[in-house]
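Peer 1: Residue numbering for the sequence shown follows the working numbering, starting at 1119 and increasing by one per position.
Cβ atoms here follow ideal geometry from the backbone N, Cα and C, with glycine treated the same way.
All of these numbers come straight from a predicted model, not from anything done at the bench.
Here you go, one structure.
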Amino acid sequence: MHQRMLTIDNQGRGTVAITRRIGEVVAEAGIGVGLAHVFIRHTSASLIICENADPAVRRDLERFTERWVADGDRLFEHDDEGPDDMAAHVRSVFTNTSLTLPVTDGRLSLGTWQGVFLWEHRYQAYRRQVVVTVQG
1119 MHQRMLTIDN QGRGTVAITR RIGEVVAEAG IGVGLAHVFI RHTSASLIIC
1169 ENADPAVRRD LERFTERWVA DGDRLFEHDD EGPDDMAAHV RSVFTNTSLT
1219 LPVTDGRLSL GTWQGVFLWE HRYQAYRRQV VVTVQG
């Protein structure tokens, strides 16, 4: 078993590609076949597997999500850190805070067009922590 904490800086709301960084942890583990578990230690950002070739896909997801859960909606009571506070929590709850990825031949076994992304749901830039645990 091998584990490492990754620190991921972002520019605020949007996605950051982290496939390569996770792949480096998998390579460090030195296993042939197994699983990589990826967990984000935050309540206002999430992890997604998404199209990795066309960034328009992630921009479309962002626009859809803005319509689905609007910042500053009067429905929300919790707004301690601003109008995007509760909306970010809702987005995180309904997406993923962890992913389990297969490892084959010592590498992540993702499809051709799949990438792993940290999805920041707050407007402010943050430094996020992602735990990657590899077993096999």
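Restricting to Cα atoms, I'd like to know which of Glu1146, Gly1148, Thr1133, Phe1182 is closest to Cys1168.
Peer 2: The option with the nearest alpha carbon to Cys1168 is Thr1133.
Peer 1: Check the C-beta distance from Ile1149 over to Val1252 and give it rounded, since I have them as a contact under 8 Å.
Peer 2: Confirmed, Cβ separation roughly 6 Å.
Peer 1: Helix, strand or coil for Val1134, going by three-state DSSP, please let me know.
Peer 2: DSSP places Val1134 in strand when its eight states are reduced to three.
Peer 1: Could you pull the start and end residues of the alpha helix (DSSP H) that Trp1186 belongs to?
Peer 2: Looking at the DSSP string, the run of the alpha helix (DSSP H) that includes Trp1186 is 1173–1186.
Peer 1: Arg1159: which of Arg1139, Asn1214, Arg1177, Val1151 sits nearest, CA to CA?
Peer 2: Minimum Cα distance to Arg1159 is reached at Asn1214.
Peer 1: Buried or exposed: which applies to Arg1177, given that a residue is buried once 16 or more other Cβ atoms fall within 10 Å of its Cβ?
Peer 2: The residue is exposed, with fewer than 16 neighbouring Cβ atoms inside 10 Å.
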